[in-house]
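Note sheet for the following structure.
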Amino acid sequence: MPSATDSPSATVPGPTAPGAPPAPCAAPRSESFTLGYAFAALHVDSRVPGVRELLPRVLGPAFATTDSGAGAPAGVLRLTVRLRGSEEPTAATVHGLERMPTLLLDGTRQVVLARTPEVVTVLQLAEEDATELLLTAHPGTGEVDLALPDGSPGALRAVARTVKFLVGAQLTAAGLPVFHGSAVARDGEGIVVVGPSGSGKSSLMFLVATRAGWDFVSDDLVFAWAGADGAPRMSGWSNRIGLSVATLSGHPARRRFEEARLRRYDQPIGPLDVDADRPWSRADRVRVYCDIDEFLEVARIGGAAAVRPRGVVVPVAERDRKGWEITVEEPGDLRWRSDFDANIRQLKHVTDFLGLVPRPATAGNGAVGVGAALDAMPVVRARYGRDMLDDVPRFWAEVTEALQRARR
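Add 1285 to the 1-based position in the sequence shown for the working numbering, that's all there is to it.
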């Protein structure tokens, strides 16, 4: 029986005849999939390996990937990811870069190289942990092209940040409520923890997830929309998590965080200063930063998305308080949504400068009526001191019981 190499259709290359032109290199294998969040979706055709593997890891449980073949579903934004050509512009070759208009998207700078009714080209500048990339969009077509300098981890992180903007543009154009808050869930029902920066909402989320057995939903931002049944759903947004090291004092996960190889750092971070006497304040806190997948793995907790919001907690961390005090608030008096609204325009969380989202945004996208349902949720204020750390399950049980009583 002839071997594979004896067949004219064999794929194993043989020796090249002297003087013959070299065999052409095989084109990079494409990965095609759809990335979804709530009702928003993005079809990705990547010619750079590793994109599909990385995105769901760093974006978190709220972003789902599904196979979609080579063609994008109707009405879905389309993203092509490829390596940059040798003649395409870079930060090093563009003359007068510092004088060009610049977008600021959640801390990421994008320099506008060209903007016409047919095409918009921006150069997303390199950051501490992400390379630059070239982004080209064609307004009205729903098509976006990303050109990367290489397939390094930094380049893939730049893709992840851009994907967030493209999905977020669809959500914000629909007018979805988005607010500052951490969130946890159990059995598909979620509780939001809201408060200003430094109020302890992220630390409380971590303690409840690791000590009381709840699932992680969000660390900082929460989107809400209406599900197919008309009831509100909520998911966290994808941001790198900043965990206060004080929360790790006496915690079984402390050593795991000290020894973990987190993407933000070149090596394990080593012993953490978890001084129990450090003041509880924004100015005095020290944080460890990790991606969502790293956080879930090292903390050994589960993640949840599209959960049903069932109540709101306003934490008041008072370091010298003994025990805790839980009081039910009148939702109308607190106005928690307006007080802790993320104000995404001010944050420049995402800007539809690229002309990708139709105007007006489609109706029936789940945004209508969600605000009223959120405003009607029960709200409790929880004041607690250091000794709460020794009995998180009992503390949280009392919080959830207070919310249940308020719903009756």
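We put the CB at the ideal spot given by N, CA and C, even for glycine.
TODO: Might you give, ordered along the chain, the residues of its own chain that have their beta carbon closer than 7 Å to the beta carbon of Phe1680, omitting 5 neighbours on each side?
DONE: The residues are Trp1609, Tyr1669, Met1673.
Of the listed residues Leu1441, Ser1317, Leu1528, Pro1517, nearest to Ser1467 (C-alpha basis) = That would be Leu1528, whose Cα lies nearest to the Cα of Ser1467.
#### Entry: Backbone CA spacing between Leu1641 and Ala1377 [nearest angstrom]
So the two alpha carbons sit approximately 28 Å from each other.
task: Take the Cβ of His1380 as the centre, count every other Cβ of all protein chains shown within 10 Å, and call the residue buried at 16 or more, exposed below.
output: When all chains shown are included, His1380 counts as exposed.
| message | So, at 8 Å on beta carbons, what are the nonlocal neighbours of Gly1515 in its own chain, with the 5 sequence-adjacent residues on each side left out? | response | So the list reads Gly1654, once near-sequence residues are dropped.
My parser needs the alpha helix (DSSP H) runs of 4 or more residues fully inside the region 1334 to 1393; what are they? Runs of the alpha helix (DSSP H) inside the region 1334 to 1393: 1336 to 1344.
If you scan the region 1439 to 1514 from start to end, which runs of the beta strand (DSSP E) of 3 or more residues do you find wholly inside it?
-> DSSP runs (the beta strand (DSSP E)) wholly in the region 1439 to 1514: 1463 to 1465, 1467 to 1471, 1474 to 1478, 1500 to 1503, 1506 to 1511.
Query raised in the report: In whole angstroms, what is the alpha-carbon distance linking Leu1533 and Val1559?
Result: One C-alpha to the other measures close to 7 Å.
Q) Secondary structure at Gln1395, three-state DSSP: helix, strand or coil? A) Gln1395: strand per DSSP, three-state reduction.
Check: Using the beta-carbon count (16 or more within 10 Å), is Ala1455 buried or exposed?
Finding: Per the sequence shown, the amino acid found at residue 1455 is Gln instead of Ala. Result: buried.
Open item on the list: Quick check on Val1597: buried or exposed, where buried means 16 or more other Cβ atoms within 10 Å of its Cβ?
Closed with: Buried, since its Cβ has 16 or more Cβ neighbours within 10 Å.
Short of 8 Å in beta carbon distance, which residues of its chain neighbour Thr1351, apart from the five on each side in sequence? Order them along the chain.
For Thr1351, same chain residues with a beta-carbon under 8 Å away, outside a window of 5 residues either side, are Phe1318, Thr1319, Gly1321 in chain order.
Item to complete: Would you mind sorting Gly1480 into buried or exposed? The rule is 16 or more other CB atoms within 10 Å of its CB.
Response: Gly1480 is buried by the Cβ-count criterion.
Next item on the list: Starting from the Cα of Arg1446, find the closest Cα among Gly1392, Glu1373, Pro1600, Asp1676 and give me that residue.
Entry: Minimum Cα distance to Arg1446 is reached at Gly1392.
Review point. Between the C-alpha atoms of Arg1620 and Met1662, what's the straight-line distance to the nearest angstrom?
Key: Looking at the two C-alpha atoms, the distance is approximately 11 Å.
Worksheet item: Going by the beta-carbon positions, is the gap between Ala1440 and Thr1421 smaller than 8 Å?
Response: No, the Cβ-Cβ distance between Ala1440 and Thr1421 is not below 8 Å.
query: Per DSSP, what kind of secondary structure is Ser1520 in: helix, strand or coil?
result: Strand at Ser1520.
Note to self: On the CB-based measure, 16 or more other CB atoms within 10 Å of its CB, does Asp1551 come out buried or exposed?
What the structure shows: Of the other Cβ atoms in all chains shown, fewer than 16 fall within 10 Å of the Cβ of Asp1551; this residue is therefore exposed.
(request) Could you pull the start and end residues of the beta strand (DSSP E) that Ser1331 belongs to? (result) From DSSP, the beta strand (DSSP E) with Ser1331 extends over 1325 to 1331.
_Outcome for Val1613 when other beta-carbon atoms lying within 10 angstroms are tallied against a minimum of 16_ = Exposed, by the Cβ-count rule.
Ser1317 in three-state terms, based on DSSP: The three-state reading of DSSP puts Ser1317 in strand, counting E and B together.
- Message: Tell me the residue span of the alpha helix (DSSP H) that contains Ser1623.
- Response: From DSSP, the alpha helix (DSSP H) with Ser1623 extends over 1621 to 1624.
task: Check each candidate in Asp1618, Pro1386, Val1463 and name the one with the smallest Cα separation from Gln1409.
output: Shortest Cα-Cα distance from Gln1409 to any of Asp1618, Pro1386, Val1463 involves Pro1386.
- Query: Which two residues bound the contiguous alpha helix (DSSP H) that contains Thr1532?
  - Reply: It is not in any alpha helix (DSSP H) - Thr1532 carries neither H nor E in the DSSP assignment.
- request: Let me know the secondary structure DSSP gives Ala1430 once reduced to three states.
  value: The displayed chain sequence assigns Asp, not Ala, to residue 1430. In this structure, Asp1430 counts as strand in the three-state DSSP scheme.
Between the CA atoms of Glu1316 and Ser1353 - distance to the nearest angstrom
Approximately 10 Å between the Cα atoms of the pair.
Pick from Ile1586, Phe1638, Tyr1574: whose alpha carbon is nearest that of Gly1425? Nearest option by C-alpha distance: Phe1638.
Original post:
Nearest-angstrom Cα distance between Gly1254 and Asp1500?
Top reply: Because the chain in this structure spans residues 1286 to 1693, residue 1254 falls outside the shown range and cannot be described.
For the pair the region 1358 to 1372 and the region 1481 to 1495, tell me if three or more CB-CB distances fall below 8 Å.
No: fewer than three Cβ pairs fall under 8 Å.
Would the beta-carbon of Ser1503 fall within 8 Å of that of Ala1591?
Going by beta carbons, Ser1503 and Ala1591 fall outside the 8 Å limit.
- Query: How long is the line joining the alpha carbons of Arg1692 and Glu1543, rounded to whole angstroms?
  - Reply: The alpha-carbon atoms of Arg1692 and Glu1543 are separated by roughly 42 Å.
ask   = Identify the residues that DSSP records as bridge partners of Leu1420: which are they?
value = Answer by DSSP bridge pairing, in chain order: Val1407, Leu1431.
Alpha-carbon spacing of Leu1418 relative to Pro1434, whole angstroms:
Spanning the alpha carbons of Leu1418 and Pro1434 requires a straight line of approximately 7 Å.
Our contact map puts Val1429 next to Leu1368 with C-beta atoms below 8 Å; I'd like the distance itself, whole angstroms only. The pair is not a contact, with the Cβ atoms about 16 Å apart (cut-off 8 Å).
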